[in-house]
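See below for the structure under consideration.
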Amino acid sequence: MKKALIVDDEESLREIIAEVLSFLDIECYSAEDGNKAIELVKSKADDIGLVLIDLNMPVLSGEETYQQIKPYLNGCPIIFMSGYSDSQLDQNLREKVHFIKKPFTIMQLKDKVSDVLNTG
Numbered sequence: 001m002k003k004a005l006i007v008d009d010e011e012s013l014r015e016i017i018a019e020v021l022s023f024l025d026i027e028c029y030s031a032e033d034g035n036k037a038i039e040l041v042k043s044k045a046d047d048i049g050l051v052l053i054d055l056n057m058p059v060l061s062g063e064e065t066y067q068q069i070k071p072y073l074n075g076c077p078i079i080f081m082s083g084y085s086d087s088q089l090d091q092n093l094r095e096k097v098h099f100i101k102k103p104f105t106i107m108q109l110k111d112k113v114s115d116v117l118n119t120g
């Protein structure tokens, strides 16, 4: 399995998500903002098989980050995370990505990741 990239400005949440994904045998890269995510994707794109992005981050928003990394990821599944509903996503974008509402439980995250990876 390729690695997941977790992009969130909350370190504790990145650590929890990485721990949950480890139970699914998924190793993780981690970035605290969009710029770090872009750097990682440019150097590790071939290793990344899933991206989880917080929508509301300082520096670059989740959508801005997605637009910057998308060309490098070759159809890799994206899960946006937010305390708000997915209605804040552009309609066209909503059809291309997955969404999980914060706060989520460990089981909700495991189920979402499993569903996304099994359906592509």
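Take 1 as the starting number for the sequence shown in full-length UniProt numbering and just add one per residue.
Quick reminder that beta carbons are idealized off the backbone N, C-alpha and C, glycines included.
Since this is a predicted model, take the numbers as computed values, not measurements.
query = What distance in whole Å lies between the Cβ atoms of S30 and I6, which are believed to be in contact at a cut-off of 8 Å?
reply = 5 Å between Cβ atoms; contact.
ask   = Can you name the residues that DSSP bridges to K70?
value = Beta-bridge pairing links K70 to no other residue.
query = Y84: buried (16+ other C-beta within 10 angstroms of its C-beta) or exposed?
reply = Under this definition Y84 is an exposed residue.
request  = Could you check if P58 is buried or exposed, using at least 16 other CB atoms within 10 Å of its CB as the buried criterion?
outcome  = An exposed status is given to P58, since fewer than 16 other beta-carbon atoms sit within 10 Å of its beta-carbon.
key: Straight-line Cα distance separating D90 from N118   = Just so you know, the alpha carbons of N118 and D90 end up roughly 25 Å apart.
ask   = So what's S61 in DSSP terms, helix, strand or just coil?
value = Here S61 sits in coil by DSSP.
task = Output the distance between the C-alpha atoms of C28 and A4, rounded to the nearest integer angstrom.
result = C28 and A4 have their C-alpha atoms some 5 Å from each other.
Same chain only: Cβ atoms within 8 Å of L55, ignoring 5 sequence neighbours per side = When the five nearest sequence neighbours on each side are left out, the beta carbons in the same chain lying within less than 8 Å of the beta carbon of L55 are those of S61, G62, E63, F80, M81, S82, Y84, Q88 and L89, in order along the chain.
key: Beta-carbon proximity check, L50 vs P77, cutoff 8 Å   = Yes, these two residues count as a Cβ contact at 8 Å.
request  = Report all residues from its chain with a CB closer than 8 Å to the CB of N35; omit the five preceding and five following residues, and keep chain order.
outcome  = Here the set comprises V59 and L60.
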